[in-house]
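Throughout, the working numbering is defined as the position within the sequence shown, counted from one, plus 469. Ideal Cβ placement from N, Cα and C applies to all residues, glycine included. Take a look at the structure below.
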Amino acid sequence: MMSAAAVAAFVLLFAPPESGKPPAPPVPATAPTASVGLSRAQADAAAKAALKAIQKSQRTDRAAELKAGIIPAAGMKMRIWAREFGRMAGDELRPLWISMHGGGGAPAPVNDAQWENQKRLYSPPEGVYVAPRAPTNEWNLWHQGHVDALFDRLIEDLVMCERVDPDRVYLMGYSAGGDGVYQLAPRMADRFAAAAMMAGHPNEAVPDGLRNLPFSIQVGALDAAFERNTVAASWGERLAALQRADPGGYVHDVQIRPGKGHWMDGQDASAIPWMARHVRDPRPRRIVWVQDDVVEQRFYWLAVDRAQAGQRVVCEREGQEIRILEAPAGLGVTVRLDDEMADLDEDVRITFAGAELFRGRAMRSKATIERVLKERFDPKSAFTAEVEVRIPESAAAPPVTTPR
């Protein structure tokens with residue numbers, strides 16, 4: 470355990486041609502051209518250079534945010550408290566645990582007290598444990614639109630400055646914090662390795678986006694307020710149905726604690742080692758993306774040109790083929806790739822409902838690499854090529870069947 474002084478210091482952590490024109494310079498045989506693009510080695514080097522440049526230009530400011538304990542984004546500021554657990558050797562990367570407090574819809578002192586409680590509620594075996602203070606005191610304090618941007622900024626800061634592994638970022642929350650997990654986990658699933666919901670309520674959220682995010686539900690069997698107990702059991706049934714229909718996804722752990730009410734006497738902490746077993750895959754074989762009322766422009770290796778609440782995109786990849794199975798007519802979909810996903814020296818094929826939308830080379834490019842990393846500083850998701858396709862206006866997607 471860090472000393473109080475160390476915690477405070479971190480706050481934490483943290484011959485001219487006939488035309489008369491001069492000759493053009495010779496082009497090296499290995500230089501990329503618009504029709505060829507970068508080689509794999511060049512793309513790898515470009516990604517490393519882009520990451521280094523971003524760190525060099527931003528690290529000082531990001532470290533200052535961590536030291537001050539205040540994360541700014543989306544016109545809001547979020548206070549944080551952090552503590553380190555375990556000892557990591559040398560430059561070894563470590564996990565991050567984001568733990569959201571309860572309260573909501575109450576005066577600031579009530580939510581402040583809940584924040585204080587959350588700071589010491591869990592003790593993960595290793596990594597950086599961060600308890601943020603919600604920027605507002607409203608009932609939906611953890612699933613308002615600014616929370617996504619604040620959490621992205623927090624994760625980037627810690628990845629950039631404190632050796633956090635972007636493939637081991639875990640989300641959890643209690644009570645109103647659990648409400649936030651129900652909402653944030655499906656719409657931000659590509660940022661996390663696993664999530665745990667304790668004693669919350671999903672409101673209008675749906676679990677479909679959890680296809681690649683292991684999800685734990687912890688609720689007291691006697692926690693009947695707002696029907697938290699029965700809703701949790703229902704979500705467990707829905708996740709089980711989704712997993713039966715799609716056996717490669719929807720890993721879940723549902724614990725309805727017998728004899729426990731809203732407070733589970735610490736039994737919910739079993740979610741910590743369960744989450745720790747899981748590591749994010751930023752390049753899953755199949756993506757189920759359902760937009761919430763707070764929309765996202767990118768999700769794993771997909772991006773869209775217009776995001777709308779309720780929009781559903783389902784896509785899968787196998788070898789050189791990417792199959793868009795569901796998407797709204799007229800939607801522009803960008804498929805991002807790298808050499809871990811396909812052989813970019815060969816043609817790739819993109820289809821929608823069996824109809825071919827693209828066949829050809831997906832060119833590695835410096836511009837793509839830099840754009841992707843500028844959007845989100847995530848060294849494990851530095852895609853090197855992208856192809857944009859548009860779903861035909863006349864296309865009819867297959868019928869959507871969502872297990873209930």
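Can you give the beta carbon distance from residue 570 to residue 643, rounded, assuming they're within the 8 Å contact cut? Confirmed, Cβ separation roughly 7 Å.
Which ranges does the beta strand (DSSP E) cover as unbroken runs of at least 3 residues, wholly within the region 672-748, from first to last along the chain? Within the region 672-748, the complete beta strand (DSSP E) runs of at least 3 residues are 684-689, 721-726.
CB residue 749 to CB residue 630, shorter than 8 Å? Contact check for residue 749 against residue 630 fails: the beta carbons are separated by 8 Å or more.
Given 8 Å as the limit, is there contact between the region 668-685 and the region 749-768, that is, 3 or more CB pairs closer than that? The region 668-685 vs the region 749-768: in contact.
Please state if the CB of residue 668 and the CB of residue 655 are separated by a distance shorter than 8 Å. Cβ atoms of residue 655 and residue 668: not closer than 8 Å.
Residue 662 and residue 638 look like a contact to me (Cβ under 8 Å); what is the Cβ gap, rounded to whole Å? That belief holds up - the Cβ atoms of residue 662 and residue 638 are roughly 6 Å apart, short of 8 Å.
Contact check, residue 670 vs residue 700 under 8 Å by CB: the rounded distance? Rounded, the Cβ-Cβ distance is 6 Å, consistent with contact.
If you count every other CB in all the chains shown that lies within 10 Å of the CB of residue 512, and 16 or more means buried, which is it? Result: buried.
Please list, in chain order, all residues of the same chain as residue 623 whose beta carbon is under 6 Å from its beta carbon, the five residues on each side excluded. Closer than 6 Å at the Cβ level, and outside the excluded window around residue 623, lie 540.
Does the separation of the CB atoms of residue 583 and residue 574 fall below 8 Å? Here residue 583 is not near residue 574, since their CB atoms are 8 Å or more apart.
Among the residues of its own chain, which have a CB less than 7 Å from the CB of residue 647, if the five just before and after it don't count? The residues 666, 667, 668, 669, in chain order, have a CB closer than 7 Å to that of residue 647 in the same chain once the five nearest residues on each side in sequence are set aside.
Count the C-beta pairs between the region 789-801 and the region 835-843 that are closer than 8 Å, then say yes if the count reaches three, no if not. Taking 8 Å as the limit for Cβ pairs, the verdict is that the region 835-843 does not touch the region 789-801.
Going by Cα to Cα distance, which pick from 783, 714, 752 is closest to residue 805? When each option's Cα is compared against that of residue 805, the closest is 752.
Ignoring anything shorter than 4 residues or poking outside the region 611-650, list the alpha helix (DSSP H) runs there in chain order. Counting whole runs of 4 or more residues, the region 611-650 contains the alpha helix (DSSP H) stretches 614-630.
Cβ distance (whole Å) where residue 816 is taken to contact residue 830 below 8 Å: Yes, residue 816 and residue 830 are in contact; Cβ-Cβ is about 6 Å, under 8 Å.
Here's the rule I'm using: 16 or more other beta-carbon atoms within 10 Å means buried, otherwise exposed. How should residue 649 be labelled? Residue 649 sits buried, since 16 or more C-beta atoms from the chains shown fall within 10 Å of its C-beta.
Under the assumption that residue 740 contacts residue 703 (Cβ atoms under 8 Å), give the Cβ distance between them as a whole number of angstroms. In this structure, residue 740 and residue 703 do not form a Cβ contact; the two beta carbons are roughly 19 Å apart against a cut-off of 8 Å.
Taking 8 Å as the threshold, find out whether the region 584-596 comes into contact with the region 521-530 through three or more Cβ pairs. Fewer than three beta-carbon pairs drawn from the region 584-596 and the region 521-530 are found closer than 8 Å, and the two stretches are therefore not classed as touching.
Looking at the unbroken beta strand (DSSP E) that takes in residue 763, where does it start and where does it end? Segment: none, residue 763 is in no beta strand (DSSP E) and carries neither H nor E.
Using the beta-carbon count (16 or more within 10 Å), is residue 505 buried or exposed? Only exposed fits residue 505, as fewer than 16 other CB atoms lie within 10 angstroms of its CB.
Quick one, which of 580, 589, 854, 782 has its alpha-carbon nearest residue 599's? Taking only the C-alpha atoms, the option nearest residue 599 is 589.
Verify whether the separation of the beta carbon atoms of residue 565 and residue 616 is less than 8 Å. Taking 8 Å as the Cβ cut-off, residue 565 and residue 616 do not qualify as a contacting pair.
Starting from residue 843, trace the alpha helix (DSSP H) in both directions and tell me its first and last residue. Note, residue 843: alpha helix (DSSP H), 835-844.
Hey, residue 556 and residue 597: beta-carbon distance below 8 Å or not? The Cβ-Cβ distance between residue 556 and residue 597 does not fall below 8 Å.
Alpha-carbon spacing of residue 618 relative to residue 634, whole angstroms: Going by the C-alpha atoms only, they are around 19 Å apart.
To the nearest angstrom, how far is the alpha carbon of residue 715 from that of residue 536? Going from the Cα of residue 715 to the Cα of residue 536 covers about 44 Å.
With a threshold of 8 Å on Cβ separation, who are the neighbours of residue 723 within its own chain once the five nearest residues in sequence on each side are excluded? Excluding the 5 residues flanking it on each side, residue 723 has same chain C-beta neighbours closer than 8 Å at 685, 686, 701, 702, 704, 705, 708, in chain order.
For residue 859, tell me which candidate among 851, 847, 793 has the shortest Cα-Cα distance. Among 851, 847, 793, the Cα nearest to that of residue 859 belongs to 793.
Do you know offhand how far residue 791's Cα is from residue 690's? In this structure, the straight-line span from the alpha carbon of residue 791 to that of residue 690 is close to 43 Å.
Would you please state the rounded distance, in angstroms, between the beta carbons of residue 782 and residue 796? I believe it to be under 8 Å. Contact holds; Cβ gap of about 5 Å.
Same chain, Cβ closer than 6 Å to residue 762, neighbours up to 5 away in sequence not counted: So the qualifying residues of the chain are 778.
Which residues does DSSP pair with residue 505 in a beta bridge? According to DSSP, residue 505 bridges with nothing at all.
Same chain, Cβ closer than 6 Å to residue 810, neighbours up to 5 away in sequence not counted: Taken in chain order, the residues that qualify are 752.
Per DSSP, what kind of secondary structure is residue 820 in: helix, strand or coil? In the structure shown, residue 820 sits in a strand (DSSP, three-state: E or B).
Roughly how many whole angstroms lie between the Cα atoms of residue 852 and residue 607? If I take the Cα positions, the gap works out to 38 Å.
CA nearest to the CA of residue 508, picked from 813, 827, 844, 828: Nearest Cα to residue 508 within the set 813, 827, 844, 828: 813.
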